[in-house]
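**Student:** Numbered per our numbering, the first sequence spans residues 200 to 786.
We put the CB at the ideal spot given by N, CA and C, even for glycine.
Just so it is clear, the structure is predicted and the values come from calculations on it, not from any experiment.
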Amino acid sequence: MSELKEAPQAVEPFPLSTLRHSVAHLMASAVAKLFPEVKFGFGPSIEHGFYYDFDLVEPLTDKDLKRIEKEMRRIARKTPELVRHEVSREEAREQLAGQDYKLEALELIPEDEQLSFYAHGDWQDLCQGPHIDTLDRDYAFKLQSIAGAYWRGDEANPMLQRIYGTAFWNKEALTAHMEWLKEVQLRDHRKLGVEMDLFSHHAEAGSGFIFWHPDLGCVRREIENFWWDLHTRAGYKPVYTPLISRESLFAVSGHLENYSEMMYAPMDIDEMPYRVKPMNCPGHILIYKNRGRSYRELPLRWAELGTVHRYERSGTIHGMLRVRGFTQDDAHIFCTPDQLADEIAGVCSLVHQILTGFGFEYTAYLATRPEKDTIGEAESWERATAALKDAAKMQKLPLVLDEGGGAFYGPKIDYKIKDALGREWQNSTIQCDFNLPERFDLTYVDSDGKKKRPILVHRAILGSLERFVGVLIEHFGGKFPLWCAPTQVAVIPIREEHGEYCRGLAERLEQELLRVDCMSQEAHMNKKIKEAQARQVPFMLIAGERECSDGSVALRRRGTREQEVMAFDDFLELVLKLRASRSLELV
RNA sequence: GCUGCUGUAGCUCAGUGGUAGAGCACUUCCUUGGUAAGGAAGAGGUCAUGGGUUCAAGUCCCAUCAGCAGCUCCA
């Protein structure tokens, strides 16, 4: 797979983030010049560049970006020197007169902190720095986009206009970054979804609901099979639970109380309110509670590809990555406190197998007890957190500490995966829960004959099929590995009279449950090759006179133009082997 | 939800208040081609939807729906 990452930086006179912060200042000064009535918000450097927030009367347009860039270059030439001066709080207030947001920002700075301004030309900004020394150094920058952003990220506050830009120490690095952005755009799952006929959504059906087309259906089914194979081996049993349930169930679970803004309105069935489930746990818990449980049957590992529906605000919906109806690869483990560490270790191992099965690198984060509003005894938290740590140790899994990042009902391990473009996504999660066993009064009879409380572990590895497959489309750039590719083999006759031979080959492949497209329709061979290539079919088999006469095929692998002539049986062996191993090799 | 932008053929996009366009894809016919586009013809549209302004609206205005860039929130 092509490893496309951001180009490494050459030796830098200042850190890249410092440069970007300084260019943000430069941009703000240009905006001040062009729009004298502007009020300034914050303007930090961020992962791939910088932004600055402005309160302007008129909305900015893309044309303004060009004007601002031009003004920036002028200012950088004319008054390049960045000068720091320290001031008292009183002086700062005076100098920020009329700048409401800056004055508010000033109040956020602790009393004992030394205040400073950075100035170039006649523009200055309250800022602790650091900055580069002069703005006329060699570097390259670009203003990228305009967007709304709430002052201090709070939607109760007024909305400011944010300009995003980026900067690098040389033109080559900026160009490389722009190339990377282009690649990100090319691989966008929404774009590929249309081009490859993978999925759609419809105004008729409503925003945020995904329609999986047949080709993506194949991909999903393969992923589900892979998932079930590993889960079955890991001792999970399948369960199936209803999409809707009586509202009272969600009152017991607490979802109604804590999660109602995400839940769809009740529907009336026999004068009783029912709700569409936003999570699968209550259903699994009802199965657990269906009869008494003994310590002898724990741990119980129950898995369900459970479809849930959640209300998401209209502006948050995004392709397959953020939707209103989705299928979680959910499972719940009911176990004794003593079993917890082993169970978590088992999940960690499963996460590893599944994520690396798709070629993802990952990082795991241990999220511990939040400072307030938690439930459960301190001792339970300690034991569970220790179990998570022990499990990670057993699996030799390094954990990054996310202090206080746990849920209110228990500590958790979250995973972030890194895709082929170096972007991070959060999908997998393993969560201990002290809350639901309590609310549903879950028990098991221990060896001493006493009723005890089991621990509940929620875990999802793919997260949701929608989000995971969306990420996967971008990760592979539409080039699915053989085992889950929608069409695995394209068979192409050179002339019409070779069609029969090709159909014979296709049939033998189909008998092995391979997904085959026998392109025997009337069209020129070159056109079919182009089409198969465009559809990212892993293998093309091309057959003409020579192949028909000796039972061979001319194999062309995705991404190459070379042909390998081989006996059909040898090809069959090759393709079956690759499929069985769920190989990620680009064939 | 909020700010800004967008909605014309299946896709990518032209279109000056006055007769609805191109390329690709599709259909039919011709073409028998050895590794990325053979040729010709044809069909395809309530210009997102609903109001309004106007002699006249794809074009201007408003609303709704949907999408895009973000903010906030999240699997």
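So, for M471: in the same chain, excluding its five sequence neighbours on each side, which residues have a beta-carbon less than 7 Å away from its beta-carbon?
**Tutor:** R445
**Student:** Would you say P536 and R582 are within 8 Å of each other, going by their C-beta atoms?
**Tutor:** yes
**Student:** Between Q343 and the rest of its own chain, which residues show a CB-CB distance below 6 Å, the 5 nearest in sequence each way excluded?
**Tutor:** Y363 and G364.
**Student:** Following the continuous alpha helix (DSSP H) through G347, name the residue where it begins and the one where it ends.
**Tutor:** Run containing G347: none in the alpha helix (DSSP H); it sits in the beta strand (DSSP E), A339 to Y349.
**Student:** Return the chain-ordered list of same chain residues with a C-beta closer than 8 Å to the C-beta of T217, the five sequence neighbours on each side being excluded.
**Tutor:** For T217, the CB contacts under 8 Å within the same chain, skipping 5 residues up- and downstream, are S244, P329, H330 and I331 in chain order.
**Student:** Using the three-state DSSP reduction, which class does P536 fall into: helix, strand or coil?
**Tutor:** helix
**Student:** Does the Cβ of R760 lie closer than 7 Å to at least one heavy atom of the ligand GDP?
**Tutor:** This structure does not include the ligand GDP; it has no bound ligands of any sort.
**Student:** Taking R622 as the reference, which of A544, Y561, A590 and D645 has the closest Cα?
**Tutor:** Nearest C-alpha to R622: Y561.
**Student:** Classify N634 as buried or exposed, calling it buried when 16 or more other Cβ atoms lie within 10 Å of its own Cβ.
**Tutor:** buried
**Student:** Give the list of continuous beta strand (DSSP E) stretches no shorter than 3 residues that lie fully inside the segment 682–712.
**Tutor:** 688–692
**Student:** Which first and last residues belong to the alpha helix (DSSP H) in which E382 is found?
**Tutor:** K370 to R386 is the span of the alpha helix (DSSP H), which, as asked, contains E382.
**Student:** Taking G453 as the reference, which of R336, F607, A733 and M739 has the closest Cα?
**Tutor:** It is F607 whose Cα lies nearest to the Cα of G453.
**Student:** The alpha helix (DSSP H) that contains Y417, what's its start and end?
**Tutor:** This sequence places Cys at residue 417; Tyr is not what is there. Note, C417: alpha helix (DSSP H), P413 to R432.
**Student:** Which runs of the alpha helix (DSSP H), 4 residues or longer, sit entirely within the segment 622–688?
**Tutor:** 634–638 and 664–675
**Student:** Quick check on L740: does DSSP put it in helix, strand or coil?
**Tutor:** strand
**Student:** E421: which of V774, L713, Q360 and K617 sits nearest, CA to CA?
**Tutor:** L713
**Student:** Since F767 contacts L671 with CB under 8 Å, what's their CB separation in whole angstroms?
**Tutor:** The pair is not a contact, with the Cβ atoms about 31 Å apart (cut-off 8 Å).
**Student:** Looking at the unbroken alpha helix (DSSP H) that takes in R755, where does it start and where does it end?
**Tutor:** No alpha helix (DSSP H) contains R755, which is instead part of the beta strand (DSSP E) from S751 to R756.
**Student:** May I ask you to list the residues that DSSP assigns as paired with I245?
**Tutor:** G248
**Student:** Beta-carbon within less than 6 Å of Y700's beta-carbon, same chain only, minus the 5 sequence neighbours each way: which residues are those?
**Tutor:** A742 and C747
**Student:** Rounded to the nearest angstrom, how far is the Cβ of Q687 from that of V715, given a contact under 8 Å?
**Tutor:** 7 Å
**Student:** Return the first residue and the last residue of the alpha helix (DSSP H) that K277 is part of.
**Tutor:** D261 to K277
**Student:** Identify the continuous alpha helix (DSSP H) that holds D613 and give its terminal residues.
**Tutor:** Here D613 belongs to no alpha helix (DSSP H); instead the beta strand (DSSP E) covers K611 to K617.
**Student:** Give the DSSP bridge partners of A323, in chain order.
**Tutor:** Note that residue 323 is Gln in the sequence shown, not Ala. Beta-bridge pairing links Q323 to A318.
**Student:** Which term fits G698, buried or exposed, when burial requires 16 or more other beta carbons within 10 angstroms of its beta carbon?
**Tutor:** buried
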